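**Q** This is the structure I want to talk about, given as structure tokens.
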């Protein structure tokens, strides 16, 4: 969790401008929004390409109850529905079409390194204090890319909880780290697909219940062995590199969260 100070300063500066200038700052599409990615066209049903894929990464946490957003570069119904939920969550016109308003909101949430406003690479890297993205079953680049998607889902979860802070206790783990902490042999933490969460303002059960609506196919929390002090969330259903069958596993029995929900 972190505060995006530079973005807040930019917003404050914009608000200090005369009305016409404010309209220009807010409405005009940026030629270069930041150092990460800039969309060059409006996207809607039938669009395809890397720009759709980049959008999907950032709205993956708005998949809806039990759903996922496939990162496939094709703007189909699940992408349109996720965009609509994102728009609703941020008070935008909810039409399921990704245009300047939607992109401007994403630019506000996006840092130059492609992470969302309230989460950072340092929170998701090797959980045993050594840092870095190597030492797992995937390349460092692949693992890091998975962690970016995980962070955007966490950003959506945070918004869904009323913009209340979420703490990440453990993210990516190298094989050595995973063995050290006694993790499962094919843990999603090894792939950059998982995070263990707590919050100072929300209960663990609130975290577990809300996670069902934000693209997480793995949820383990209170009532599941070894998870009385945190909530584990992951994207196992989207992992085609692990040794387990893709599917959904939700188990936080003390919170009324189960795979049959």
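Residue numbers (my numbering): 60 to 320.
Beta carbons are placed, not taken as given, at the ideal position from N, Cα and C, and that holds for glycine.
Note that the structure is predicted; figures quoted are calculated from it, not measured.
Please report the straight-line C-alpha distance between residue 155 and residue 138, rounded to a whole angstrom.
**A** For the purposes of this step, residue 155 is taken as the residue at position 96 of the chain shown. For the purposes of this step, residue 138 is taken as the residue at position 79 of the chain shown. Distance between the alpha carbons of residue 155 and residue 138: 8 Å.
**Q** From residue 219 to residue 115, what distance separates their C-alpha atoms?
**A** As a working note, residue 219 is residue 160 in the chain shown. As a working note, residue 115 is residue 56 in the chain shown. Answer to the nearest angstrom: the Cα atoms are 18 Å apart.
**Q** On the CB-based measure, 16 or more other CB atoms within 10 Å of its CB, does residue 101 come out buried or exposed?
**A** Locating residue 101 in the chain shown gives position 42, counting from the first residue. Flag for residue 101 reads exposed.
**Q** Does DSSP classify residue 179 as helix, strand or coil?
**A** Here the question's residue 179 lines up with position 120 in the chain shown. Of the three classes helix, strand and coil, the one that applies to residue 179 here is coil, per DSSP.
**Q** In its own chain, which residues sit with a C-beta less than 8 Å from the C-beta of residue 282, not counting the 5 before and 5 after it?
**A** If you number the chain shown from 1, residue 282 lands on position 223. Answer for residue 282: 310, 311, 312, 313, 314, listed in chain order.
**Q** What do you get for residue 252, buried or exposed, if any count of 16 or more other CB atoms within 10 angstroms of its CB means buried?
**A** Numbered from its first residue, the chain shown carries residue 252 at position 193. Counting Cβ neighbours within 10 Å, residue 252 comes out buried, since at least 16 surround it.
**Q** Quick check on the burial criterion: 16 or more other C-beta atoms within 10 angstroms. Buried or exposed for residue 233?
**A** The count along the chain shown starts at 1 and reaches residue 233 at position 174. The residue is buried, with at least 16 neighbouring Cβ atoms inside 10 Å.
**Q** Could you have a look at residue 117 and say whether DSSP puts it in helix, strand or coil?
**A** For the purposes of this step, residue 117 is taken as residue 58 along the chain shown, with counting starting at 1. Here residue 117 sits in helix by DSSP.
**Q** Comparing alpha-carbon positions, which option in 297, 305, 320 lies nearest residue 128?
**A** Counted from its first residue, the chain shown places residue 128 at position 69. Taking only the C-alpha atoms, the option nearest residue 128 is 297.
**Q** Would you report the Cα separation of residue 136 and residue 227, rounded to the nearest angstrom?
**A** One-based indexing of the chain shown puts residue 136 at position 77. One-based indexing of the chain shown puts residue 227 at position 168. About 31 Å.
**Q** Excluding the five sequence neighbours on either side, which residues of its own chain have a C-beta within less than 6 Å of the C-beta of residue 89, listed in chain order?
**A** Stepping through the chain shown from its first residue, residue 89 is reached at position 30. Note on residue 89: pLDDT 48, under 50, position unreliable in the model; the coordinate value appears next. For residue 89, where only same-chain residues beyond five positions count, there are no Cβ hits under 6 Å.
**Q** Would DSSP call residue 309 helix, strand or coil?
**A** As a working mapping, residue 309 is identified with position 250 in the chain shown. Strand, per DSSP.
**Q** Short of 7 Å in beta carbon distance, which residues of its chain neighbour residue 133, apart from the five on each side in sequence? Order them along the chain.
**A** Walking along the chain shown from the start, residue 133 turns up at place 74. Counting only Cβ-Cβ distances below 7 Å, and skipping sequence neighbours, we find 107, 111.
**Q** Pull up the distance between the alpha-carbon of residue 255 and that of residue 223, whole angstroms please.
**A** Mapped onto the chain shown, residue 255 falls at position 196. Mapped onto the chain shown, residue 223 falls at position 164. So the two alpha carbons sit approximately 16 Å from each other.
**Q** For residue 237, which residues in the same chain have their Cβ closer than 7 Å to its Cβ, ignoring the five residues on either side in sequence?
**A** Mapped onto the chain shown, residue 237 falls at position 178. 246, 248, 249, listed in sequence order.
**Q** For residue 318, which residues in the same chain have their Cβ closer than 8 Å to its Cβ, ignoring the five residues on either side in sequence?
**A** What you label residue 318 is simply residue 259 of the chain shown in a count that begins at 1. Around residue 318: 307, 308, 309, 310.
**Q** Residue range of the beta strand (DSSP E) that residue 290 falls in?
**A** In the chain shown, the residue the question calls residue 290 occupies position 231. Residues 290 to 293.
**Q** Considering Cα atoms alone, identify which of 212, 173, 164 is closest to residue 274.
**A** Within the chain shown, numbered from 1, the residue matching residue 274 stands at position 215. The shortest C-alpha separation from residue 274 is found at 212.
**Q** For residue 107, which of helix, strand or coil comes out of DSSP?
**A** Taking the first residue of the chain shown as position 1, residue 107 is located at position 48. DSSP places residue 107 in strand when its eight states are reduced to three.
**Q** Per DSSP, what are the beta-bridge partners of residue 273 in this structure?
**A** As a working mapping, residue 273 is identified with position 214 in the chain shown. According to DSSP, residue 273 bridges with 123.
**Q** Can you tell me which of 160, 172, 142, 126 puts its alpha carbon nearest to the alpha carbon of residue 94?
**A** As a working note, residue 94 is residue 35 in the chain shown. The shortest C-alpha separation from residue 94 is found at 172.
**Q** Given this structure, state the Cα-to-Cα distance separating residue 120 from residue 264, to the nearest angstrom.
**A** Locating residue 120 in the chain shown gives position 61, counting from the first residue. Locating residue 264 in the chain shown gives position 205, counting from the first residue. Rounded to whole angstroms, residue 120 to residue 264 spans 19 Å at the Cα level.
**Q** Kindly indicate the opening and closing residues of the alpha helix (DSSP H) around residue 320.
**A** Sequence index remark: in the chain shown, residue 320 carries index 261 (1-based). No alpha helix (DSSP H) holds residue 320; DSSP gives it neither H nor E.
**Q** To which residues does DSSP link residue 279 through a beta bridge?
**A** For this step, residue 279 is matched to residue 220 along the chain shown. Paired residues: 291, 310.
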